[in-house]
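Sequential numbering from -19 applies to the sequence shown in my numbering. Step one of this worksheet: look at the structure below.
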Amino acid sequence: MGSSGILGMNARNEKYIRVYNRRRKVADDKLQSKDVLRAAGVRVPKLYGSVSTIREFEDFNWKKLPTNFVVKPNRGFGGEGILVLRNALNKQEFLDLPLEARVWLKPDGSEITYDQLRSHVLGILDGQFSLQETPDVAFFERRVIRHKAFREYAPFGIPDVRIIVFNRVPVMAMMRIPTQRSGGRANLAQGAIGVGIDIGRGLTTTASIKLPWRRVIDTHPETGVELHGFAIPFWDDILRMAVVAQEASGVGFLGVDVVIDQQEGPVMLELNARPGLEIQVVNQDGLERRLERVEGLKIQTAEKGIRVAKDLFGGETEKLVEEVSGREMIGTVEVVRVANPANLDHEESVLAKIDTGAFSTSISKDVARKLGFDEVLNEFQWMTLDPNTPPKESSALADEVTRKLKGKIPGLVKAISIRSGSGLGIRPVVRVVVEISGKKVSALANITERSGLKYEMIVGRSQLRRFLIDPARAIPKRDPSVVGKGVKKRPFLTIKRK
């Protein structure tokens, strides 16, 4: 990322916060901002209660709190002082305990006792976590339940989405993913992962983490899950919530934090009148350039602001991801060209499903015949196995078939055992050359019966290392019944033969 268009701290304060955030007190007061957002129709976590004085603290009915909840300082900053708690037992066992014996678990698995909880709340009242270190208010709210879409992507806590909104336009967004290193908190400074989001489509792009210096990463360092190409659920709803929050608060340059709850969908956690600038590093793009593009525009509605954001900033990050990763973006369905390397005259254009859930590539019997693998189709011993056959036994059967037939059937590379929706069986494998979005890859493809299915070919992840998958990309508008017919021929590729 170059320095052009990067927004620095001084420029942020002078050009945007000082000029546009005269109502920042609304954002600084979490309880007040909750009231403002709720009145504007923006969903916020349910409030269970608050404590503002020592008298209220002594009179507070701790038993009325549910078994799981969050405690926050009203005027906290940078995520300090927030406790996300769940009970360590089943609900009834927990409620049967006297208060003094109750223990809660934090996201990192560490325990906090009732006495420690009371001590923490007293610390909030004393101003330990407040913006100006002045006496503060502690409040209790509903604990968000992580949406199932994030189960593998963010297993160590609840990720949130930060969007910066300016002049009713969402200008930049990122997702913050908690890690074990961050203690299950979505805090970049403590080791959470920051992942850029394409404003136009809600897809994750570039990612970075502080270990201890910030560096760009492709996969989750603790799980190995790829971080790019994840589609944020409810993306358009989240964008609209962000713009409505800015309209309701009157804060011109605003950061909003949204989480996605399994039961309630998008929920706005809080507003931030001084959003941090690491979002630029995460997105590998400058914020100032984007702000300048929308400053002064006449944006009358949230819908128009979202359209402007998608037109101006959607897709820019896709090009950047391709440049940084050296890999091209493709969709979950693509028209690919496939050929028999032994005879390049046998070439077909096929509507293929791009399936990262499948390891290997497969083609239909019809496509295999068009590619010239007639002898494989006619002479291979097709076998259907009992679905309860152990993996070692089915693999041994496939190896035995390979030994018997390899070299006797032209084009046959080997036989493999495959378990699919149609059952367990032994299939033939042939070598093909596949062209995806202009890039050619050699592939071992198993042949299977796909008549009646939508796609004649599945491209598995073993052939997708040179590509990034965009699940929101439009499916090619092509009738599968005419794929491979009337395709304008052009040189497929040159095979170097020894």
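Heads up, the beta-carbon is just placed ideally off N, CA and C, and yes, glycines get one too.
Give me whichever residues DSSP pairs with residue i in a beta bridge.
| i | result |
| --- | --- |
| PRO150 | VAL145 |
| ARG(-2) | Partner(s): none; ARG(-2) has no beta bridge. |
| LEU331 | VAL315 |
| ASN323 | ASN320 |
| ASP178 | LEU183 |
| LYS52 | PHE119 |
| ILE343 | ILE427, MET437 |
| ASP140 | ARG156 |
| TRP84 | ASN67, ILE92 |
Please look up how many angstroms separate the CB atoms of residue i and residue j, rounded, as I've assumed it's under 8 Å.
| i | j | result |
| --- | --- | --- |
| VAL79 | TYR94 | In the sequence as presented, Val is not what sits at residue 79; that position holds Leu. Sure, about 5 Å apart at Cβ, within 8 Å. |
| LEU251 | VAL262 | Incorrect: roughly 20 Å between the Cβ atoms, too far for contact. |
| ALA348 | ILE406 | That pair is no contact at about 16 Å. |
| ARG430 | LEU257 | The pair is not a contact, with the Cβ atoms about 51 Å apart (cut-off 8 Å). |
| VAL16 | PHE120 | Going by Cβ atoms, the distance from VAL16 to PHE120 rounds to 20 Å, so no, they are not a contact pair. |
| TYR435 | LYS333 | 4 Å |
Grouping DSSP H, G and I as helix and E and B as strand, with all else coil, what is residue i?
| i | result |
| --- | --- |
| ASP127 | Residue 127 is actually His in this sequence, not Asp. Correct three-state label for HIS127: coil. |
| ARG4 | helix |
| GLU73 | helix |
| LYS284 | helix |
| GLU429 | coil |
| HIS100 | helix |
| LYS190 | strand |
| THR480 | Beyond the ends of the chain as shown, which are -19 and 478, falls residue 480; an answer cannot be given. |
| ALA(-9) | helix |
| LYS419 | strand |
| ALA211 | strand |
| LYS394 | strand |
| ARG23 | coil |
| PHE360 | coil |
| ILE218 | helix |
| ASN252 | strand |
| ASN67 | strand |
| VAL224 | helix |
| ILE(-14) | coil |
| LEU365 | strand |
| VAL274 | helix |
Nearest CA to the CA of residue i: which residue from the options?
| i | options | result |
| --- | --- | --- |
| ASN54 | LEU111, LYS128, ARG287, ILE398 | LEU111 |
| VAL151 | ALA395, VAL439, PHE233, GLY89 | PHE233 |
| LEU377 | LEU404, ARG195, ILE173 | LEU404 |
| LEU98 | PRO135, ILE34, GLY89, PHE210 | Leu is not the amino acid found at residue 98; the sequence shown has Arg there. Minimum Cα distance to ARG98 is reached at ILE34. |
| ILE(-3) | ALA225, LEU357, VAL316, VAL145 | VAL145 |
| VAL238 | PRO321, VAL124, GLY418 | VAL124 |
| TYR0 | PRO201, THR199, ASN147 | ASN147 |
| ASN323 | ILE279, GLY391, GLU308 | GLY391 |
| VAL101 | PRO158, GLU38, GLY58, ALA68 | GLU38 |
| LEU366 | ARG399, HIS127, ASP354, PHE339 | The identity of residue 366 in the sequence shown is Asp, whereas the question assumes Leu. Selected option, being the one with the closest Cα: ARG399. |
| SER340 | GLY352, ILE438, MET363 | ILE438 |
| GLY58 | GLN170, ALA20, LEU292 | GLN170 |
| GLN361 | THR336, ASP325, PRO408 | PRO408 |
### Task
Taking 8 Å as the threshold, find out whether the region 270 to 284 comes into contact with the region 41 to 51 through three or more Cβ pairs.
In the pairwise beta carbon analysis, the region 270 to 284 is classified as not touching the region 41 to 51: fewer than three pairs are separated by under 8 Å.
### Message
Under 8 Å, with one C-beta from each stretch per pair, do the region 363 to 372 and the region 317 to 332 reach the 3-pair mark?
### Response
Too few Cβ pairs lie closer than 8 Å, so no.
### Task
Tell me, please, whether the region 132 to 139 touches the region 214 to 230 by the rule of three or more beta-carbon pairs shorter than 8 Å.
No contact exists between the region 132 to 139 and the region 214 to 230.
### Query
So, do the region 409 to 421 and the region 305 to 325 have three or more beta carbon pairs nearer to each other than 8 Å?
By the criterion of at least three beta-carbon pairs nearer than 8 Å, the region 409 to 421 is in contact with the region 305 to 325.
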